[in-house]
Every structure is written in structure tokens, then in C-alpha cells.
Amino acid sequence: MTFNLIEVLKESVFGSLSSVWNIAIIVFPLMIAMEFAKKYKLMDYISAGLRPLTRFLGVERSAAFPLAVGLIFGLAYGSGVIIQSAQEGEIDKVSLTLVSIFLACCHAVVEDTLLFVAIGANGWLLLGLRTLAAFAVTMLVSRSVRLAYAPQR
């Protein structure tokens, strides 16, 4: 067995480019959809639908769409939407941090759960524990941050 550095580098570069392409073909349409949703006020409906969740987590309403994208599509795709929202100043730093913490614990809930079910895991248990952990950690950090920055009386 011989080691061919050129072949390894070629596979690495093409594999990386393929991954970037696969992410781009999902993230770019999501960003376009987000702009479309903003322009036609659809974000208000999305935010309203997720308002109980955002209120419970202690994040602002504008964090609803990035949160939904991360939950459904995962961190690789959701991060593009989160970064765009942050760069446009739509999400404050506390909400950005809390959404990131929540998604670190509970992202790509459909895809990941189905992958683990395929190898024998209990999907409901997995989904329940991930969701519970995400809520617990995010709420703990949310309450701590809000207390730390609350006006002193």
C-alpha cells in the first residue's frame, strides 16, 4: 500500500468543495426566503407562531426564524441565517447567545433523530432528552444573564 499525497490532497479539496457547495445550495435559498419573508411581513407570522417558545427562552421575537431554521435544518444551515441576522443587527447579543446555546443542545431534530432511530435508538426518548436539555440549559443561562444585567434597585 503506497501513500499518494497528491491523491489525498485532491480528495480533500474536492470533498471540501463538495461540502461547501451542498451547504450553499441550502443556505442561500434560506437567506433569500428570509429576505422575502421580511419584505412581505411573513416574519411577523413566523415570529408570532413561535412567540411562546421565544418568550419561554427569554429571546426577542426576531430570533424566531433563525431558531426554527436551526431546529429543522441543523447548525450548518442554521448558522448562515443566524450570522446574517446578527450582522444585520436584528438580534441582540443576549438573544444570539441564547439561541446558539439552545441549538447546540437541540438542532436538526428531524434528521438527527431519524439517523439514530435507524441504528436502534428510541426516537421519542432521544428527542425528549435533547429538548429537555436544551430548554434547561438555555433557561438557566437566560435567567442568569437577565439577573446579571438587571437594573440595580
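Just so you know, the UniProt record's numbering puts 61 at position 61 of the sequence shown, and the rest follows in order with no gaps.
Glycine included, every Cβ here is placed at the ideal spot set by N, Cα and C.
| Query | Result |
| --- | --- |
| Quick one, which of 101, 61 and 91 has its alpha-carbon nearest residue 74's? | 101 |
| When the Cα of residue 145 is compared with those of 106, 96 and 123, which residue comes out closest? | 96 |
| Spatial neighbours of residue 107 within its chain, please: CB distance less than 8 Å, with the 5 preceding and 5 following residues excluded, ordered by chain position. | 70, 71, 74, 75 and 78 |
| Since residue 56 is in the alpha helix (DSSP H), which residue starts that stretch and which ends it? | 51-57 |
| What does the alpha-carbon distance come out to for the pair residue 40 and residue 34? | 10 Å |
| If you draw a straight line from the alpha carbon of residue 8 to that of residue 14, how long is it in whole angstroms? | 10 Å |
| Roughly how many whole angstroms lie between the Cα atoms of residue 18 and residue 32? | 21 Å |
| Give the straight-line distance between the Cα atoms of residue 55 and residue 103, rounded to the nearest whole angstrom. | 16 Å |
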